[in-house]
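Colleague:
Numbering (this note's numbering), first residue to last: 1099 to 1333.
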């Protein structure tokens, strides 16, 4: 797995809140969304000072200014920020589109890598802002489910079920921009291997227009916690 990484940089104040729950949060971004991830992380920190937060930023770009700002955030809010600098070469053979670059797969990489060290993870797209407490995520207890998810809009439900030749998906199709993932199950079921095969066209399903979002909807097998209300998270 380390073959994907050029460097790991960690800023950790070393301070934690006694008897408070811990929430791990990940982002996957390229240079274009680096600023947005910083804003999103700040919004989470500002509204969740009663829990221990650990951030995991997977990116193929970083510079001294961003590093300085992340260090300031870590010290100001007594939190841990891990930055994983990725070699994009390993993703160039996967499909992309005019709307999604290879950076969309950094989300999947964060699930795969972190599944070896933690049991659960909240993934947020860089354009998602937090307006309140995320403590309820620390109270979710997975049984056999892959994730706690938020459903996409009604139009996407119908079109995605038709496009993927997966009628049972209607009413269950989720948006991958906000996912609370059971990494223990991800690791046990070797989800990444299956997902990569789907993305490379080894599938009985239809066209994966939304790339890994479509793929995740397939490999999670409708075995999720539905629906989760993300009242305090907005894109």
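A virtual CB, placed ideally from N, CA and C, is assigned to each residue, including glycine. Please read these numbers as outputs of a predicted model, since none were measured by experiment.
Please name the residue or residues paired with residue 1307 in a DSSP beta bridge.
Modeller: BP columns for residue 1307 are empty, so no partner.
Colleague: Does the ligand GTP have a heavy atom nearer than 7 angstroms to the CB of residue 1139?
Modeller: No copy of the ligand GTP occurs in the structure displayed, which carries no ligand at all.
Colleague: Output the distance between the C-alpha atoms of residue 1309 and residue 1261, rounded to the nearest integer angstrom.
Modeller: Near 13 angstroms, if we compare the C-alpha coordinates of residue 1261 and residue 1309.
Colleague: Using three-state DSSP, classify residue 1226 as helix, strand or coil.
Modeller: Residue 1226: coil per DSSP, three-state reduction.
Colleague: May I ask which residues mark the beginning and end of the beta strand (DSSP E) holding residue 1105?
Modeller: Residues 1103-1110.
Colleague: Enumerated in chain order, which unbroken segments of the alpha helix (DSSP H) with a length of 4 residues or greater are wholly contained in the segment 1104-1154?
Modeller: Taking only runs of at least 4 residues, the alpha helix (DSSP H) segments lying wholly in the segment 1104-1154 are 1132-1144.
Colleague: For the alpha helix (DSSP H) that contains residue 1259, what are its first and last residues?
Modeller: That run of the alpha helix (DSSP H) goes 1252-1261.
Colleague: Which same chain residues end up closer than 7 angstroms to residue 1189 when comparing Cβ atoms and leaving out the 5 residues on each side of it in sequence?
Modeller: Excluding positions up to five away in sequence, the list reads 1200 and 1203.
Colleague: For residue 1043 versus residue 1153, is the C-beta distance shorter than 8 angstroms?
Modeller: Outside the displayed range of the chain (1099 to 1333) lies residue 1043, so it cannot be described from this structure.
Colleague: Under 6 angstroms Cβ to Cβ from residue 1285, same chain only, skipping five residues before and after it: list those, please.
Modeller: Result list for residue 1285: 1213, in chain order.
Colleague: Quick one: Cα of residue 1248 to Cα of residue 1280, how far?
Modeller: Approximately 15 angstroms between the Cα atoms of the pair.
Colleague: Looking only at its chain, what residues have a beta carbon closer than 7 angstroms to the beta carbon of residue 1118, apart from the 5 residues adjacent to it on each side?
Modeller: The answer, listed in chain order, is 1148, 1149 and 1150.
Colleague: Give a yes or no on whether the C-beta atoms belonging to residue 1268 and residue 1274 are separated by under 8 angstroms.
Modeller: No, they are not a contact pair.
Colleague: Is the beta carbon of residue 1207 less than 8 angstroms from the beta carbon of residue 1184?
Modeller: Yes, the pair counts as a contact, with Cβ atoms nearer than the cut-off.
Colleague: For residue 1193 and residue 1158, which I take to be in contact (beta-carbon distance under 8 angstroms), what is that distance rounded to the nearest angstrom?
Modeller: Actually they are not in contact, since the Cβ atoms of residue 1193 and residue 1158 sit about 18 angstroms apart, beyond 8 angstroms.
Colleague: Runs of 3 residues minimum, wholly inside the segment 1261-1303: which ones carry the beta strand (DSSP E) assignment?
Modeller: List check, beta strand (DSSP E) in window: 1272-1280.
Colleague: For residue 1156 and residue 1230, I'd like the C-alpha separation in whole angstroms.
Modeller: Cα to Cα, the separation comes out at about 24 angstroms.
Colleague: Is residue 1172 helix, strand or coil by DSSP?
Modeller: Residue 1172 falls in the helix class under three-state DSSP.
Colleague: Would DSSP call residue 1180 helix, strand or coil?
Modeller: In the structure shown, residue 1180 sits in a strand (DSSP, three-state: E or B).
Colleague: Would you mind sorting residue 1177 into buried or exposed? The rule is 16 or more other CB atoms within 10 Å of its CB.
Modeller: It is buried - the Cβ of residue 1177 has at least 16 other Cβ atoms within 10 Å.
Colleague: Judging by CA-CA distance, which residue of 1226, 1238, 1102 and 1107 is the nearest neighbour of residue 1136?
Modeller: The candidate whose alpha carbon is nearest that of residue 1136 is 1226.
Colleague: Please work out which residues of its chain come closer than 7 angstroms, Cβ to Cβ, to residue 1128, disregarding the five sequence neighbours upstream and downstream, and give them in chain order.
Modeller: Only 1157, 1158, 1159, 1199 and 1201 meet the Cβ criterion.
Colleague: Helix, strand or coil for residue 1323 per DSSP?
Modeller: In this structure, residue 1323 counts as strand in the three-state DSSP scheme.
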